[in-house]
Amino acid sequence: MAALASQVCAVALQLVVPRVLLDRWGDGGYAVYVAVTGVAAYLSLADAGVQMFLTQRLAVMRGAGQNAEAAKLARGALTALLALAFAGLIVLSGALCAFGRTAMSGVLAAGSATWMAFAVAIVAQLSSAAFSLSTGGWSAAIEQSNERYSRTPMASLCRTLALNLVLLGCASVGVASTTALVASACAAFPIDFGRFLWSRLLVPPGREATRVRDVLREARGSLLLMIAVATQGGLWPAVAAAVSPLSVGVAIPARTVANGARLLSTVAMNVLWAPLAGRFASIGDPTGTYLFWKRYSPILGLVQMTGVVGLVVVAPAAVHVWLPHKAAGIDTLLPVFCAEQALLIGAIPSITLLQATGRFGQLGAIQAVQSVVGVVATTLLMPRWGALGFAMASVGSTAVCLVPGAIIAEYAHWSSLGRRPIVVLWSRIVLAIAALACAPMMWASRAAASGLALAVFAAGTWHALRALRVDLRQTTPPSSSGDPR
Numbered sequence: 135m136a137a138l139a140s141q142v143c144a145v146a147l148q149l150v151v152p153r154v155l156l157d158r159w160g161d162g163g164y165a166v167y168v169a170v171t172g173v174a175a176y177l178s179l180a181d182a183g184v185q186m187f188l189t190q191r192l193a194v195m196r197g198a199g200q201n202a203e204a205a206k207l208a209r210g211a212l213t214a215l216l217a218l219a220f221a222g223l224i225v226l227s228g229a230l231c232a233f234g235r236t237a238m239s240g241v242l243a244a245g246s247a248t249w250m251a252f253a254v255a256i257v258a259q260l261s262s263a264a265f266s267l268s269t270g271g272w273s274a275a276i277e278q279s280n281e282r283y284s285r286t287p288m289a290s291l292c293r294t295l296a297l298n299l300v301l302l303g304c305a306s307v308g309v310a311s312t313t314a315l316v317a318s319a320c321a322a323f324p325i326d327f328g329r330f331l332w333s334r335l336l337v338p339p340g341r342e343a344t345r346v347r348d349v350l351r352e353a354r355g356s357l358l359l360m361i362a363v364a365t366q367g368g369l370w371p372a373v374a375a376a377v378s379p380l381s382v383g384v385a386i387p388a389r390t391v392a393n394g395a396r397l398l399s400t401v402a403m404n405v406l407w408a409p410l411a412g413r414f415a416s417i418g419d420p421t422g423t424y425l426f427w428k429r430y431s432p433i434l435g436l437v438q439m440t441g442v443v444g445l446v447v448v449a450p451a452a453v454h455v456w457l458p459h460k461a462a463g464i465d466t467l468l469p470v471f472c473a474e475q476a477l478l479i480g481a482i483p484s485i486t487l488l489q490a491t492g493r494f495g496q497l498g499a500i501q502a503v504q505s506v507v508g509v510v511a512t513t514l515l516m517p518r519w520g521a522l523g524f525a526m527a528s529v530g531s532t533a534v535c536l537v538p539g540a541i542i543a544e545y546a547h548w549s550s551l552g553r554r555p556i557v558v559l560w561s562r563i564v565l566a567i568a569a570l571a572c573a574p575m576m577w578a579s580r581a582a583a584s585g586l587a588l589a590v591f592a593a594g595t596w597h598a599l600r601a602l603r604v605d606l607r608q609t610t611p612p613s614s615s616g617d618p619r
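Heads up: the sequence shown begins at 135 in the numbering used here, then just goes up one per residue.
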């Protein structure tokens, strides 16, 4: 619930920010904002996969009762993250000096920004991101492995509020976009530092620590995943802004609507994978893990289906209230993003499983290919098709790379354990195909598409709950106390 509340507030801010910034700064100033924050988000690549590896490994160690080893790993990982953040800051700052003026010339012209002001804004955002990467990333891993699950989303919410409220306040009083970005970056430092001091109390004091090179070697499988995440969240929007700066005012808000529609799915995936890692470690038996996943993975697919329902039923009306002057352009993109959300019904549970089992290298390879394909497609399609080209690149890379790659990876995982993968996959694939029909129907009739989406959701709910009850009756032995649990 803490994660859901945090995500609701974050999505609300994502809806408010484009409207205010587009009104105050226009398309050019908004392009500056997207480019600067996109480049800064790419610093997360410097994490080298350590945070995700650390979260999963600490959860497994604590699930297996290895608390002393977990404390050693936590101490070593902190040093590794500090070193990686500093190195990433230096490398990206150097790349900015060497190539930034040429790469962002279109953005500078559209936003009427000087190169010096633009560079200062990026350096400020990079410094804030580097500090958050090292202290905030370490804190998140410590919190989740110690079952302080509400701390991570609440800290994220506080940081998001600080950044965006300062940004919106500056824009509202007429501050230039580059100056507002510097001010918002400064607002995040005290929150990250306070969270770090709080999280240190969860690690027992001691000098013994895992060596930095050992941490980096063990986390190398997560590096590809971080490349993919940083590309999708940072480089991809920045490329879109550079290729077609006047189209991002429609393209990025449309993607924001699509991401907001899958709010429950995002929360479920982000929150559950670390506890699942601990649960799998405590079960210890492949048969037990398979039966556990067989019971509950259809529900994860059903949660993703809520994104399709939200995009079909709620989003069209919400867009006209949110950005009335951009609504016509966003309306044309919603069916495309609806197809993407439908396809993800089959892949979201597979991604969660790969994270919980620590297969970050495999998942990273899949998402890295998706990111590369998406960026290349964006550079080819946006000059001709504008915002529609961005949406086509997004759904195309998802359909060609992410969905089949994740499902095949889950199939291989259960096959290697001697289990029957199709038993846990078929219902999600059928649900995804049925939901996919909502996308073309949105162009013909929004009312018919809404009815179909609700019908598919109802059928999926019936199947998931029925399968859960049947499986529990078959696998749960009778209780002498009469308690059916």
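All C-beta atoms, glycine included, are put in the ideal place defined by N, C-alpha and C. It should be emphasised that the depicted structure is a prediction, and the values quoted were computed from it without experimental measurement.
Considering only the alpha carbon of each residue, which of the options lies closest to residue i?
i, options, result
"Val447", "Ile567, Trp548, Met439, Arg580", "Arg580"
"Leu177", "Leu331, Arg603, Thr313, Gln366", "Gln366"
"Thr486", "Arg341, Leu336, Ala543, Met288", "Ala543"
"Val507", "Ala415, Trp370, Leu599", "Trp370"
"Ala165", "Ala385, Lys206, Gly340, Ala146", "Ala385"
"Gly444", "Gly394, Val184, Gly303, Trp427", "Gly394"
"Leu436", "Ala402, Gly412, Ile417, Leu467", "Ala402"
"Glu342", "Leu331, Val377, Gly412, Thr213", "Thr213"
"Ala392", "Val145, Gly523, Ala592", "Val145"
"Leu602", "Ser431, Gly441, Gly245", "Ser431"
"Ser528", "Gly163, Leu468, Gly463, Ile567", "Leu468"
"Arg396", "Ala473, Thr466, Ala202", "Ala473"
"Arg235", "Phe220, Ala169, Ala204", "Ala169"
"Ala237", "Ala362, Thr466, Gly222, Ala375", "Ala375"
"Tyr167", "Met526, Thr421, Leu380, Ala208", "Leu380"
"Ala362", "Cys535, Leu398, Ile325", "Cys535"
"Ser399", "Ile479, Gly422, Arg347, Asp326", "Ile479"
"Gly520", "Leu410, Ala314, Val382, Arg345", "Val382"
"Trp159", "Gly245, Val142, Thr189", "Gly245"
Enumerate in chain order the residues of its own chain whose CB-to-CB distance from residue i is below 8 angstroms, with the five nearest sequence positions on each side excluded.
i, result
"Arg554", "Trp548"
"Pro458", "none"
"Phe330", "Thr269, Gly270, Trp272, Ser273"
Does DSSP put residue i in a helix, in a strand, or in coil?
i, result
"Ser381", "coil"
"Met238", "coil"
"Asn298", "helix"
"His597", "helix"
"Leu156", "helix"
"Asn280", "coil"
"Pro458", "coil"
"Ala169", "helix"
"Thr491", "coil"
"Val309", "coil"
"Val151", "helix"
"Gln366", "helix"
"Ser78", "The chain is shown from 135 up to 619; residue 78 falls before or after that span and cannot be answered."
"Gly520", "coil"
"Val316", "helix"
What does a CB cutoff of less than 7 angstroms around residue i pick up in its chain, not counting 5 residues either side in sequence?
i, result
"Phe121", "The shown model of the chain, from 135 to 619, leaves out residue 121, and the question about it has no answer."
"Thr286", "Ala274, Glu277, Gln278"
"Thr171", "Gln259"
"Pro387", "Pro152, Leu457, Lys460, Ile464"
"Val509", "Thr365, Leu369, Trp370, Val373"
"Thr595", "Leu436"
"Val442", "Cys472, Gln475, Ala476, Ala569, Cys572, Ala587"
Distance, Cα to Cα, residue i vs residue j?
i, j, result
"Leu350", "Gly495", "13 angstroms"
"Thr312", "Ala251", "6 angstroms"
"Ser318", "Leu301", "5 angstroms"
"Pro611", "Met439", "Any reading at Pro611 must be qualified, since the residue scores a pLDDT of 47, below 50, and its modelled position is unreliable; no value is offered."
"Val307", "Leu226", "31 angstroms"
"Ala76", "Trp577", "This structure cannot speak to residue 76, because the chain is shown only from 135 to 619."
"Leu625", "Ala540", "This structure gives no information on residue 625, because the portion of the chain shown stretches from 135 to 619."
"Val215", "Leu570", "Val is not the amino acid found at residue 215; the sequence shown has Leu there. Taking the straight line joining both Cα atoms gives about 41 angstroms."
"Leu138", "Val405", "9 angstroms"
"Ser290", "Asn298", "12 angstroms"
"Tyr424", "Ser531", "30 angstroms"
"Ala211", "Asp157", "44 angstroms"
"Gly585", "Ala353", "46 angstroms"
"Ala462", "Gly303", "28 angstroms"
"Ala175", "Leu230", "14 angstroms"
"Ala232", "Gly222", "15 angstroms"
Return the chain-ordered list of same chain residues with a C-beta closer than 6 angstroms to the C-beta of residue i, the five sequence neighbours on each side being excluded.
i, result
"Gln489", "Trp407"
"Val150", "none"
Below 8 angstroms, is the gap between the Cβ of residue i and the nearest heavy atom of the ligand SAM?
i, result
"Leu398", "The model depicted lacks the ligand SAM and carries no ligand whatsoever."
Legend entry - Contact between the region 250 to 261 and the region 285 to 301 (3+ Cβ pairs under 8 angstroms): As far as the Cβ criterion goes, the region 250 to 261 does not touch the region 285 to 301, which means the pair count is below three.
Inset, instruction - Determine contact between the region 237 to 245 and the region 278 to 292, defined as no fewer than three beta-carbon pairs at a distance below 8 angstroms. - result: Verdict: no, contact absent.
Inset, instruction - Flag this pair as touching only if the region 555 to 568 and the region 449 to 468 have three or more C-beta atom pairs under 8 angstroms; answer yes or no. - result: Cβ pair count under 8 angstroms is below three, so no.
Inset, instruction - Evaluate contact between the region 414 to 425 and the region 184 to 197, counting only Cβ atoms and requiring at least three cross-stretch pairs below 8 angstroms. - result: Touching, yes.
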